[in-house]
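Student: Chains A and B are the protein sequences, given in the same order. Position one of the first sequence corresponds to residue 1 (UniProt numbering), numbered consecutively onward. Position one of the second sequence corresponds to residue 1 (UniProt numbering), numbered consecutively onward. One structure, as structure tokens, below. Some questions next.
There are 2 protein chains.
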Amino acid sequence: MRDSVAKAMEVCPVEVAIAVLGGSWKMTIVKHLVSATLRFGELSRVVGGVSARMLTRQLRELEADGVVHREVYAEVPPRVEYSLTELGRTLVPLVQMLDEWGANYQERAAQSPSRSRIR
Amino acid sequence: MRDSVAKAMEVCPVEVAIAVLGGSWKMTIVKHLVSATLRFGELSRVVGGVSARMLTRQLRELEADGVVHREVYAEVPPRVEYSLTELGRTLVPLVQMLDEWGANYQERAAQSPSRSRIR
DNA sequence: CCGTATCCTCGTTGATACTG
DNA sequence: CAGTATCAACGAGGATACGG
């Protein structure tokens with residue numbers, strides 16, 4: 001398990017969940033893998049604005065945390081497919097709630113578009 | 001709104017939720033505020049191992065994101081109380097799910113205590 | 001009691017170039 | 001196609017000291 005997750009375990013279960021899911025683009029990745037198995041390049045496209053370097057890193061962490069499965073096909077050109085593990089599929093209702101909450105938050109923000117500038 | 005949240009809005013609603021809730025100790029703070037209004041010092045105690053500096057910072061961000069309300073009482077000695085806003089209370093089911101998922105993850109990890117050391 | 005100010009370190013991320 | 005290597009820049013976070 002990753003150190004950040006181990007550290008979260010000493011604090012609170014909610015922090016464990018955040019440690020596993022809180023990385024940049026991670027939940028977006030999981031969200032897209034809910035409905036389909038995707039190749040690296042496909043993920044790169046559906047997740048907007050992520051570099052190959054970051055996408056690789058986030059996928060490796062999700063794999064290390066047992067959420068995502070990585071299947072490599074020994075072909076030319078190479079093909080690598082990513083899918084949710086059994087554990088990953090337990091995230092489905094969570095992803096839905098987060099997505100809905102985020103969308104609702106976005107709507108509210110659109111109604112009062114002030115910026116509070118915390119530094 | 002904070003820049004990280006604005007940035008997340010351009011990616012995906014789930015990222016918005018993560019941007020608001022993903023900071024260190026944030027969900028732990030929210031979790032504890034679900035059942036009670038708490039003073040700064042009380043939060044400092046129930047959230048383990050957080051410095052005053054970080055706790056202040058996380059609380060200010062949660063306030064900026066409209067999740068937490070900060071009430072200052074002009075007394076000596078000073079008293080500052082933190083509570084959930086209406087928006088913050090919409091997080092309650094989310095916090096419960098994250099807590100359960102994290103606890104379940106922790107149980108699984110306890111059964112296969114391997115470490116994958118991703119750097 | 002409830003913070004802020006300052007300094008410093010370390011991890012994370014972006015950009016770019018390269019490879020099996 | 002699906003990455004890795006390398007370097008530079010940035011920001012989060014700890015330690016410590018101080019203030020209203």
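We treat Cβ as the ideally placed atom computed from N, Cα and C, and that holds for glycine.
Only counting runs of 3 or more residues, tell me where the beta strand (DSSP E) segments fall wholly within the segment 1-82 of chain A, in order along the chain.
Tutor: Listed in chain order, the complete beta strand (DSSP E) runs (minimum 3 residues) inside the segment 1-82 of chain A are 68-73.
Student: Comparing the C-beta of A/A103 with each C-beta of chain B, is any distance below 8 angstroms?
Tutor: Along the first sequence, one-based indexing puts residue 103 of chain A at 103. Cβ-Cβ to chain B under 8 angstroms: yes for A/A103.
Student: Can you name the start and end residues of the alpha helix (DSSP H) that A/L91 belongs to?
Tutor: The residue given as residue 91 of chain A occupies position 91 in the first sequence. Taken as a continuous stretch (DSSP letters only), A/L91 belongs to no alpha helix (DSSP H), as it is neither H nor E.
Student: Determine the direct distance from the alpha carbon of A/H32 to that of B/L91, and round the result to whole angstroms.
Tutor: Along the second sequence, one-based indexing puts residue 91 of chain B at 91. Along the first sequence, one-based indexing puts residue 32 of chain A at 32. Answer to the nearest angstrom: the Cα atoms are 23 angstroms apart.
Student: Taking the straight line between their C-alpha atoms, what separation do you get for A/A52 and A/L43?
Tutor: Here residue 52 of chain A is taken as the residue at index 52 of the first sequence, counted from 1. Here residue 43 of chain A is taken as the residue at index 43 of the first sequence, counted from 1. Going by the C-alpha atoms only, they are around 10 angstroms apart.
Student: Under 8 angstroms Cβ-Cβ, which residues of chain B neighbour A/L98?
Tutor: Locating residue 98 of chain A in the first sequence gives position 98, where the first residue counts as 1. Going along chain B in sequence order, the residues near A/L98 (Cβ under 8 angstroms) are P13, V14, A17, I18 and L94.
Student: If distances are taken between C-alpha atoms only, which option among A/R2, A/C12 and A/K7 comes closest to B/D99?
Tutor: Taking the second sequence and counting its residues from 1, the one referred to as residue 99 of chain B is at position 99. Per the Cα distances, A/C12.
Student: Inspect the CB distances between the segment 61-69 of chain A and the segment 10-29 of chain B and report whether three or more fall short of 8 angstroms.
Tutor: Not touching, per the Cβ criterion.
Student: Assuming the contact rule is C-beta atoms closer than 8 angstroms, residue 121 of chain B and B/S24 should be a hit. Round their C-beta distance to whole Å, please.
Tutor: Here chain B covers residues 1 to 119 and nothing more, so residue 121 of chain B does not appear.
Student: Below 7 angstroms CB to CB, which residues in the same chain sit around A/L21 once its five sequence neighbours on both sides are set aside?
Tutor: Numbered from its first residue, the first sequence carries residue 21 of chain A at position 21. Around A/L21: M27.
Student: At the level of alpha carbons, what is the spacing between B/P78 and B/F40?
Tutor: In the second sequence, counting from the first residue as 1, residue 78 of chain B sits at position 78. In the second sequence, counting from the first residue as 1, residue 40 of chain B sits at position 40. If you take the alpha carbons of B/P78 and B/F40, they lie about 10 angstroms apart.
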